[in-house]
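Novice:
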Amino acid sequence: MNTVLTDEQRLDVTKRGFSRRNFGRIAAMMGAGAAVLPFYNEPALAQLSKVDAPPDAVLINANENPLGPCPEAREAVHNMIQYGGRYRYSEADKVVKLLQEQEGLKPGYVRVHPGSSGPLHQAVLAFTSPSRPFVVADPGYEAGARAAKFIGAKVIGVPLTKSYTHDVKAMAAASPDAGLIYICNPNNPTGTLTPQSEIEWLVANKPKGTIVMIDEAYTHLSDAPFNSHLVAADKDVVILRTFSKIYGMAGLRAGAAFARPDLQDRISGFSSTMMPITGMAAASASLEVKNLVPERRKLIAGVRIDTFTFLDKHNFKFVPSVSNCFMVDVGRPGNQIVTAMRNEKVYIGRVWQSWPNHVRVTVGTGEEMKKFQAAFLKVMA
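This is the structure in structure tokens:
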């Protein structure tokens, strides 16, 4: 542990209530690749989105974007391959500069990552502990909670409201010692949106010293405003962005965290890594395409609405979504339907423990969703 943490970090984790029993797991999260961690290994991924599917299967299970990178990003990646023998740190600098300009943030407030999972896990290390809980919506995205449990931090799941938004008042009251309150907006898995005014209320009324993390992985897919102004105002806020969703770059790995420099330092202190230059080149190219986000948002919404029309027509219950995923109430244990759909070569998402009769479905292409509709009618008959 001494070779992993600095003296300052050792003092910090001790003050936050970690015992020596926790130290090895903190070191594992800092020094190991995610794939070897118990909360993110093969069995865990099998329950999440990694599947062994035939080549002709419909994959609408992992909230991927079947459109892939835009043409400009593909060309940028192609042109970057010749420099694969170099670190090319300047490629990451370009992404930082573009995001600073587009989000109205000062230098030092934006740091790039290979996706957004890294800063999420590092924020769990930086701000939670056995005495500083991790607060999350239920159902909600599980990665942060899994990481918190792994290091011995308490996880408090707060049920969504009746309108499927984050219950910000309950989350603020969940623990006076909360280390990190995590808001994924629109929420994964429900695809539902929490109004910005409620997020602002949470930031203003959270416990003192608590950090609010706003994961904006899916915000591009909705008409909702972003929350960069909270970071610009030096609030206790960390915002996550990823290029995996609207930009179609899940396999290329590019993301960013927005926060005050002191919060950035605490997060980055638990890990440092080289950015993939192909991912950075694709990210820069994507950010410079002016109409990319609104055009893709409209296209994905069209397919989503068509699917909801089908569900309504056949009297299936579902949660209205503004994202690229939605939840369907199948009226029986959801894993039965997941298995039955796979027999039809249609791979849908997983089941959340708190909603055992719901399944998550990713919005695919129009053709893919027609295949989903046919298979769904068959297995639900």
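Heads up: the sequence shown begins at 35 in the numbering used here, then just goes up one per residue.
Ideal Cβ placement from N, Cα and C applies to all residues, glycine included.
Give the range of the alpha helix (DSSP H) segment to which I339 is assigned.
Specialist: Taking the first residue of the sequence shown as position 1, residue 339 is located at position 305. Note, I339: alpha helix (DSSP H), 326 to 347.
Novice: Which residue wins for smallest C-alpha separation from A335, given the options N99, I273, V202?
Specialist: Here residue 335 refers to the residue found at position 301 of the sequence shown. The option with the nearest alpha carbon to A335 is N99.
Novice: Looking only at C-alpha atoms, which of L154, C359, I245 sits nearest to L422?
Specialist: Residue 422 is absent from the model: the chain starts at 35 and stops at 415.
Novice: In whole angstroms, give me the CA-to-CA distance for R275 and K49.
Specialist: Walking along the sequence shown from the start, residue 275 turns up at place 241. Walking along the sequence shown from the start, residue 49 turns up at place 15. In a straight line, the C-alpha of R275 is about 30 angstroms away from that of K49.
Novice: Taking CB distances under 9 angstroms as the criterion, tell me whether N358 reaches chain D.
Specialist: The structure shown has no chain D; it contains just one protein chain.
Novice: Near L227, which residues of its chain fall below 6 angstroms by C-beta distance, leaving aside the five closest residues on each side in sequence?
Specialist: Position 193 of the sequence shown holds residue 227. The answer, listed in chain order, is P220, S256, A258, V356.
Novice: What do you reckon, is the C-beta of A415 under 8 angstroms from a heavy atom of the ligand ZN?
Specialist: Absent from the structure shown: the ligand ZN. Ligands present: none.
Novice: For A281, is the classification buried or exposed, using 16 other Cβ atoms within 10 angstroms of its Cβ as the cut-off for buried?
Specialist: Taking the sequence shown and counting its residues from 1, one reaches residue 281 at position 247. Contrary to the premise, residue 281 reads as Tyr rather than Ala in this sequence. Y281 should be labelled buried.
Novice: Along the chain, where does the alpha helix (DSSP H) that runs through Y123 open and close?
Specialist: In the sequence shown, the residue the question calls residue 123 occupies position 89. Residues 123 to 137.
Novice: For G119 and G51, what's the separation of their Cα atoms in angstroms?
Specialist: Numbered from 1 along the sequence shown, position 85 holds the residue referred to as residue 119. Numbered from 1 along the sequence shown, position 17 holds the residue referred to as residue 51. Taking the straight line from one Cα to the other gives about 44 angstroms.
Novice: Suppose you measure from the CA of S306 to the CA of P153; what does that come to, to the nearest Å?
Specialist: The residue you call residue 306 lines up with position 272 of the sequence shown. The residue you call residue 153 lines up with position 119 of the sequence shown. The straight-line gap from Cα to Cα measures roughly 10 angstroms.
Novice: With distance defined between alpha-carbon atoms, name the residue in I382, F410, H392 nearest to A87.
Specialist: The sequence position of residue 87 within the sequence shown is 53, counting from 1. Of the candidates I382, F410, H392, the one whose C-alpha sits nearest the C-alpha of A87 is I382.
Novice: Cutting at 8 angstroms between CB atoms, please list the residues of its own chain near I115, excluding the five before and the five after it.
Specialist: Counted from its first residue, the sequence shown places residue 115 at position 81. Excluding sequence neighbours, I115 sits near T312.
Novice: Can you name the residues that DSSP bridges to C218?
Specialist: Translated into the one-based positions of the sequence shown, residue 218 becomes position 184. C218 pairs with D249.
Novice: With a threshold of 16 other CB atoms inside 10 Å of the CB of N349, please say whether the residue is buried or exposed.
Specialist: Walking along the sequence shown from the start, residue 349 turns up at place 315. The residue in question, N349, is exposed, as its Cβ has fewer than 16 Cβ neighbours within 10 Å.
Novice: Are the CB atoms of P210 and I190 nearer to each other than 9 angstroms?
Specialist: Along the sequence shown, read from residue 1 onward, the residue named residue 210 stands at position 176. Along the sequence shown, read from residue 1 onward, the residue named residue 190 stands at position 156. No, Cβ-Cβ distance for P210 and I190 is not below 9 angstroms.
Novice: Does V158 come out as helix, strand or coil in the three-state DSSP assignment?
Specialist: Reading the sequence shown from its first residue, position 124 is the one you call residue 158. Three-state result, V158: helix.
Novice: Output the boundary residues of the alpha helix (DSSP H) element that contains P295.
Specialist: As a position in the sequence shown, residue 295 is number 261, starting the count at 1. Start and end: 295 to 302.
Novice: Could you check whether the segment 369 to 380 touches the segment 401 to 415, counting it as contact only if at least three pairs of C-beta atoms, one from each stretch, sit closer than 8 angstroms?
Specialist: Segments in contact, yes.
Novice: Using DSSP with H/G/I as helix, E/B as strand and the rest coil, what is D270?
Specialist: One-based indexing of the sequence shown puts residue 270 at position 236. It is coil, neither helix nor strand.
Novice: By Cβ distance below 7 angstroms, which residues in the same chain neighbour A80 in space, the five residues on each side in sequence not counted?
Specialist: Taking the sequence shown and counting its residues from 1, one reaches residue 80 at position 46. With a pLDDT of only 44 at A80, under 50, the local geometry of the prediction cannot be trusted, and the value read off the model is given with reservation. None.
Novice: Look up P193 in the DSSP assignment and say whether it is helix, strand or coil.
Specialist: Taking the sequence shown and counting its residues from 1, one reaches residue 193 at position 159. Strand, per DSSP.
Novice: Could you check if V85 is buried or exposed, using at least 16 other CB atoms within 10 Å of its CB as the buried criterion?
Specialist: Within the sequence shown, the letter at position 51 stands for residue 85. Under this definition V85 is an exposed residue.
Novice: Can we say the segment 365 to 375 touches the segment 386 to 402, given the rule of at least three CB pairs closer than 8 angstroms?
Specialist: Contact between the segment 365 to 375 and the segment 386 to 402 is present, because at least three Cβ pairs lie under 8 angstroms.
Novice: Tell me which residue opens and which closes the beta strand (DSSP E) that H392 is part of.
Specialist: Position 358 of the sequence shown, counting from 1, holds the residue named residue 392. Per DSSP, H392 belongs to the beta strand (DSSP E) from 392 to 396.
Novice: Assuming V271 contacts I248 under a Cβ cut-off of 8 angstroms, what Cβ separation, rounded to an integer in Å, is found between them?
Specialist: The residue labelled residue 271 in the question sits at position 237 within the sequence shown. The residue labelled residue 248 in the question sits at position 214 within the sequence shown. With a Cβ gap of about 6 angstroms, V271 and I248 count as contacting.
Novice: Using the three-state DSSP reduction, which class does Q407 fall into: helix, strand or coil?
Specialist: Position 373 of the sequence shown, counted from the first residue, corresponds to residue 407. Q407: helix per DSSP, three-state reduction.
Novice: Can you tell me whether S306 is helix, strand or coil according to DSSP?
Specialist: Start at 1 with the first residue of the sequence shown, and residue 306 comes out as number 272. The answer is coil: DSSP assigns S306 none of H, G, I, E or B.
Novice: Comparing C-alpha positions only, which one of A293, C218, I233, I215 sits nearest to L139?
Specialist: For the purposes of this step, residue 139 is taken as the residue at position 105 of the sequence shown. Comparing Cα-Cα distances from L139 to each of A293, C218, I233, I215, the minimum goes to A293.
Novice: Spatial neighbours of K405 within its chain, please: CB distance less than 7 angstroms, with the 5 preceding and 5 following residues excluded, ordered by chain position.
Specialist: For the purposes of this step, residue 405 is taken as the residue at position 371 of the sequence shown. Around K405: V92, V380.
Novice: Decide if D201 is buried, meaning its Cβ has at least 16 other Cβ atoms within 10 Å, or exposed.
Specialist: To locate residue 201, count along the sequence shown from 1; it is residue 167. Buried, by the Cβ-count rule.
Novice: Would you mind working out which of A204, Q387, A160 sits nearest L45, comparing C-alpha positions?
Specialist: The sequence position of residue 45 within the sequence shown is 11, counting from 1. For L45, the nearest C-alpha among the options comes from A160.
Novice: What did DSSP end up calling M414 once you bin it into helix, strand or coil?
Specialist: The residue you call residue 414 lines up with position 380 of the sequence shown. It is helical.
Novice: Kindly indicate which residue of T253, V111, T162 has the alpha-carbon position closest to the one of R330.
Specialist: Position 296 of the sequence shown, counted from the first residue, corresponds to residue 330. Of T253, V111, T162, the residue nearest in Cα terms is T253.
Novice: Does the Cβ-Cβ distance between I217 and A206 come in under 9 angstroms?
Specialist: Counting from one through the sequence shown, the residue named residue 217 turns up at place 183. Counting from one through the sequence shown, the residue named residue 206 turns up at place 172. Going by C-beta atoms, I217 is not nearer than 9 angstroms to A206.
Novice: Taking all protein chains shown into account, do 16 or more other C-beta atoms lie within 10 angstroms of the C-beta of A267, making it buried, or fewer, making it exposed?
Specialist: Translated into the one-based positions of the sequence shown, residue 267 becomes position 233. Exposed, by the Cβ-count rule.
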